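Undergrad:
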Amino acid sequence: MENNFFKKNQLTLRGIMVGFIILVLMIPMANISSLVQERQNRQTEVSQEVSNKWASNQTINGPVLIIPYIELSLDQKNTFRKLAYFLPSDLNAAVLVTPQTRHRSIFDIVVYQSKVIVTGKFDSLNISTLNIPTTAILWNEAFICLGLTDFRGLEDQINIIWDTQQYTFEVGAPMNDFIPNGLKVNIPYHSLTSSQHSFSLELGLRGSQNLSFVPTGKTTKVHMESSWPDPSFTGAFLPTDQAQITEQGFIADWKILDLNRNFPQSFKDTKYEVHAADFGVNFLKGSDHYSKTTRSVKYALLFIGLTLALYYFIEILQQKEVHAFQYVLVGLALCVFYTLLLSISEYLNFNWAYLIAAGSIVLLVTWYTTFVFKSKKIAGTFSLVLTLLYGFIFILIQLQDWALLIGSVGLFVVLAAVMYFSKRINFEKAEL
């Protein structure tokens, strides 16, 4: 009686076995997913090592005019030294960026050298709007502050021409929320008495991967040119007009008004999220093979499930019993595809890596299927279906924005095909 039960429910039990094998194969896939993340983290570590020796991402903030003043406590017994901030009415930057690719181990890290010319002007200082008594202002301690992320990137001394006088920046700017890391230059009182103040400065600056600006001007204009062919514009603002991007490089322009950001032109409180208004460019390698490999791993359950399900249907139609170990071998071969893809894509273009990895697995599994079912015709058909599945997954990876639509339509077609071919099987009477 027990034998009759197993014989009667043979297909159901084998289907459960196949499903169990598919779930078990998700264990090595989880390890492969962790391996992809580990390699991506290693790339980040190498990038950080190079940045630590060259210079990190750079954000240019300012110049900003800062004037100290004395504030009395509520009981009028104590005094505190505070800072008043005045931002330029016009801020213009002309930027020329020359990127370089540094090789470390198997990774390519993008660094750059830039030449930045900053010009602009300050309108007359209206201290009364800040409710600061004139007698409390320490005019002789006024200074200009220029915020930079990493001083190691400075290639030369920085001089500023303030009106008609030239001054040299030095380290030692007070740390605060507005400019956490900056250079300063003291401005004599007589240089602040005119109604309007113009300035200009030039700096050679090294950095890694990103160059950004804080729009401190009432009107901020930035013109950037570079030989980098694959820029990624980041931050709170995109270029004003369509950026010109060619294989020879790019040209981009920004124009930001004070109305576009969340901090005023003058203030005595630094509690503003100024870096939320940053904008700039990422200079990154166009290859994103780790993210593409990660997306391909996410389809592993679908891919392995469909492949082993196809094996199951061929087994029923051919009435040829396939051992569980043979299912496991085919499943492991499909898992190896992802390790091949990950390792090869670190040396070759992702598309070529995908072609080599997929082609290798298709040939291997097709060869094995020939011996399992003793039929070149079945092996050829299986090879065609496997190739179509790899092609389908490749399209999903490339069409990131359309992946949901294409994937849904593809699943519908696959489900319809399974339903069509399964109608030929009488599950009640079929035997192996």
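Here our numbering is used: position 367 in the sequence shown is 1052, and no number is missing along the way.
Positions of the beta carbon are idealized from the N, C-alpha and C atoms, including for glycine.
Note that the structure is predicted; figures quoted are calculated from it, not measured.
What three-state label does DSSP hand Thr682 in the structure shown?
TA: Because the chain in this structure spans residues 686 to 1117, residue 682 falls outside the shown range and cannot be described.
Undergrad: Measure how close the beta-carbons of Ile752 and Ala827 come, nearest whole angstrom, since I'm counting them as under 8 Å.
TA: Taking the sequence shown and counting its residues from 1, one reaches residue 752 at position 67. Taking the sequence shown and counting its residues from 1, one reaches residue 827 at position 142. The Cβ separation is near 5 Å, so the contact holds.
Undergrad: Could you have a look at Phe863 and say whether DSSP puts it in helix, strand or coil?
TA: For this step, residue 863 is matched to residue 178 along the sequence shown. Three-state DSSP puts Phe863 in coil, outside helix and strand.
Undergrad: Considering Arg787, what are the terminal residues of the beta strand (DSSP E) in which it resides?
TA: For the purposes of this step, residue 787 is taken as the residue at position 102 of the sequence shown. Where Arg787 is concerned, the enclosing beta strand (DSSP E) stretches over Asp775 to Arg789.
Undergrad: Return helix, strand or coil for Asn816, following the three-state DSSP convention.
TA: Here residue 816 refers to the residue found at position 131 of the sequence shown. Asn816: coil per DSSP, three-state reduction.
Undergrad: Cβ of Ile829 within 8 Å of Cβ of Val782?
TA: What you label residue 829 is simply residue 144 of the sequence shown in a count that begins at 1. What you label residue 782 is simply residue 97 of the sequence shown in a count that begins at 1. No, the Cβ-Cβ distance between Ile829 and Val782 is not below 8 Å.
Undergrad: Looking only at C-alpha atoms, which of Val780, Ser951 and Leu944 sits nearest to Leu888?
TA: Numbered from 1 along the sequence shown, position 203 holds the residue referred to as residue 888. The shortest Cα separation from Leu888 among Val780, Ser951 and Leu944 belongs to Val780.
Undergrad: Please name the residue in Gly1076, Gly965, Val959 and Val1015 whose C-alpha comes closest to that of Leu772.
TA: The residue labelled residue 772 in the question sits at position 87 within the sequence shown. Comparing Cα positions, the closest option is Val959.
Undergrad: Helix, strand or coil: which one does DSSP assign to Ser917?
TA: For the purposes of this step, residue 917 is identified with residue 232 of the sequence shown, where counting begins at 1. Residue state, collapsed to three classes: strand.
Undergrad: Tell me whether Met686 sits in a helix, a strand or coil according to DSSP, three-state version.
TA: Position 1 of the sequence shown, counted from the first residue, corresponds to residue 686. Here Met686 scores only 48 on pLDDT, less than 50, and its place in the model is too uncertain to base an answer on.
Undergrad: If the criterion is Cβ atoms closer than 8 Å, does the pair Leu1014 and Ala1042 meet it?
TA: Counting from one through the sequence shown, the residue named residue 1014 turns up at place 329. Counting from one through the sequence shown, the residue named residue 1042 turns up at place 357. Contact: no.
Undergrad: For Asp793 and Thr804, which I take to be in contact (beta-carbon distance under 8 Å), what is that distance rounded to the nearest angstrom?
TA: Here residue 793 is taken as the residue at index 108 of the sequence shown, counted from 1. Here residue 804 is taken as the residue at index 119 of the sequence shown, counted from 1. Under the criterion of beta carbons closer than 8 Å, Asp793 and Thr804 do not qualify as touching, at roughly 35 Å.
Undergrad: Give the straight-line distance between the Cα atoms of Thr819 and Phe807, rounded to the nearest whole angstrom.
TA: Position 134 of the sequence shown, counted from the first residue, corresponds to residue 819. Position 122 of the sequence shown, counted from the first residue, corresponds to residue 807. Each residue's alpha carbon lies about 19 Å from the other.
Undergrad: Just verifying my parser: in three-state terms, what is the DSSP assignment at Thr905?
TA: For this step, residue 905 is matched to residue 220 along the sequence shown. Three-state DSSP puts Thr905 in a strand.
Undergrad: Output needed for Asp841: all residues of its chain with C-beta closer than 8 Å, excluding positions within five of it in sequence on either side, in chain order.
TA: In the sequence shown, the residue the question calls residue 841 occupies position 156. Leu888 and Gly889.
Undergrad: By the DSSP assignment, the alpha helix (DSSP H) with His974 in it spans what residues?
TA: Start at 1 with the first residue of the sequence shown, and residue 974 comes out as number 289. Note, His974: alpha helix (DSSP H), His974 to Lys983.
Undergrad: Pairing CB atoms from the stretch 902-910 with CB atoms from the stretch 940-948, are three or more of them under 8 Å?
TA: yes
Undergrad: Which residues in the same chain as Ile706 place their Cβ atom closer than 8 Å to its Cβ, once the five residues preceding and following it in sequence are excluded?
TA: Counting from 1 along the sequence shown, the entry for residue 706 is found at position 21. Short of 8 Å from the beta carbon of Ile706, and not among the five residues preceding or following it, lie these beta carbons of its own chain, in chain order: Leu993, Ala1009, Tyr1012, Val1013 and Gly1016.
Undergrad: Which same chain residues, not among the five before or five after Pro748, have their C-beta less than 6 Å away from its C-beta?
TA: Counting from 1 along the sequence shown, the entry for residue 748 is found at position 63. Counting only Cβ-Cβ distances below 6 Å, and skipping sequence neighbours, we find Ile829 and Leu831.
Undergrad: So which of Ala1064, Gly838, Gly1065 and Gln1003 has the shortest CA-CA distance to Lys738?
TA: Mapped onto the sequence shown, residue 738 falls at position 53. Considering only alpha carbons, the answer is Gly838.
Undergrad: On a CA-only basis, which of Thr978, Thr1054 and Ile989 is nearest Ile1080? Give me that one, please.
TA: On the sequence shown, residue 1080 is found 395 positions in, with the first residue counted as 1. Checked all of Thr978, Thr1054 and Ile989; the closest Cα to Ile1080 is Thr978.
Undergrad: How many angstroms separate the CA atom of Phe836 from the CA atom of Ile936?
TA: Position 151 of the sequence shown, counted from the first residue, corresponds to residue 836. Position 251 of the sequence shown, counted from the first residue, corresponds to residue 936. Straight-line Cα distance between these residues: approximately 26 Å.
Undergrad: Could you give the first and the last residue of the continuous alpha helix (DSSP H) run that contains Val1021?
TA: Position 336 of the sequence shown, counted from the first residue, corresponds to residue 1021. Note, Val1021: alpha helix (DSSP H), Ala1009 to Ser1030.
Undergrad: If you follow the beta strand (DSSP E) that Gly805 is in, where does it begin and where does it stop?
TA: Within the sequence shown, residue 805 is the residue found at index 120, counting from 1. Phe792 to Phe807 is the span of the beta strand (DSSP E), which, as asked, contains Gly805.
Undergrad: Determine the contact status of Phe1058 and Lys983, defining contact as a CB-CB distance below 8 Å.
TA: Here residue 1058 corresponds to residue number 373 of the sequence shown, with the count starting at 1. Here residue 983 corresponds to residue number 298 of the sequence shown, with the count starting at 1. Contact: no.
Undergrad: Where Ser718 and Gln1083 are concerned, what is the direct C-alpha to C-alpha distance, given to the nearest angstrom?
TA: Working through the sequence shown from its first residue, we reach residue 718 at position 33. Working through the sequence shown from its first residue, we reach residue 1083 at position 398. Using only the alpha carbons, I get a separation of about 19 Å.
Undergrad: Could you check if Ile659 is buried or exposed, using at least 16 other CB atoms within 10 Å of its CB as the buried criterion?
TA: Residue 659 lies beyond the residue range present for the chain, which begins at 686 and ends at 1117; the question has no answer from this structure.
Undergrad: Please report the distance separating the alpha-carbon of Leu1049 from that of Val966.
TA: Numbered from its first residue, the sequence shown carries residue 1049 at position 364. Numbered from its first residue, the sequence shown carries residue 966 at position 281. Looking at the two C-alpha atoms, the distance is approximately 45 Å.
Undergrad: Using the C-alpha atoms, what's the distance from Met860 back to Thr834?
TA: Mapped onto the sequence shown, residue 834 falls at position 149. Mapped onto the sequence shown, residue 860 falls at position 175. Near 12 Å, if we compare the C-alpha coordinates of Met860 and Thr834.
Undergrad: Just the C-alpha distance for Thr697 and Val1099, rounded to the nearest angstrom, thanks.
TA: Residue mapping note: residue 697 aligns to position 12 of the sequence shown, counting from 1. Residue mapping note: residue 1099 aligns to position 414 of the sequence shown, counting from 1. C-alpha separation (whole angstroms): 21 Å.
Undergrad: Enumerate in chain order the residues of its own chain whose CB-to-CB distance from Leu815 is below 8 Å, with the five nearest sequence positions on each side excluded.
TA: For this step, residue 815 is matched to residue 130 along the sequence shown. Hits under 8 Å: Ala769, Ser951, Phe952 and Lys953.
Undergrad: Which one or two residues does DSSP pair with Asp938 in a beta bridge?
TA: Against the sequence shown, residue 938 aligns to sequence position 253. Answer is His908.
Undergrad: Mapping the DSSP letters down to three states, classify Gln743 as helix, strand or coil.
TA: On the sequence shown, residue 743 is found 58 positions in, with the first residue counted as 1. Reduced to three states, the DSSP call for Gln743 is strand.
Undergrad: Using a threshold of 8 Å, state whether the C-beta atoms of Phe1022 and His974 are closer than that.
TA: Numbered from 1 along the sequence shown, position 337 holds the residue referred to as residue 1022. Numbered from 1 along the sequence shown, position 289 holds the residue referred to as residue 974. In this structure, His974 does not lie closer than 8 Å to Phe1022 by Cβ.
Undergrad: Please classify Thr834: does DSSP put it in a helix, a strand, or coil?
TA: Counted from its first residue, the sequence shown places residue 834 at position 149. Coil, per DSSP.
Undergrad: Starting from Val1050, follow the alpha helix (DSSP H) in both directions and report where the run begins and ends.
TA: Walking along the sequence shown from the start, residue 1050 turns up at place 365. Run containing Val1050: Phe1035 to Phe1058, per the alpha helix (DSSP H) assignment.
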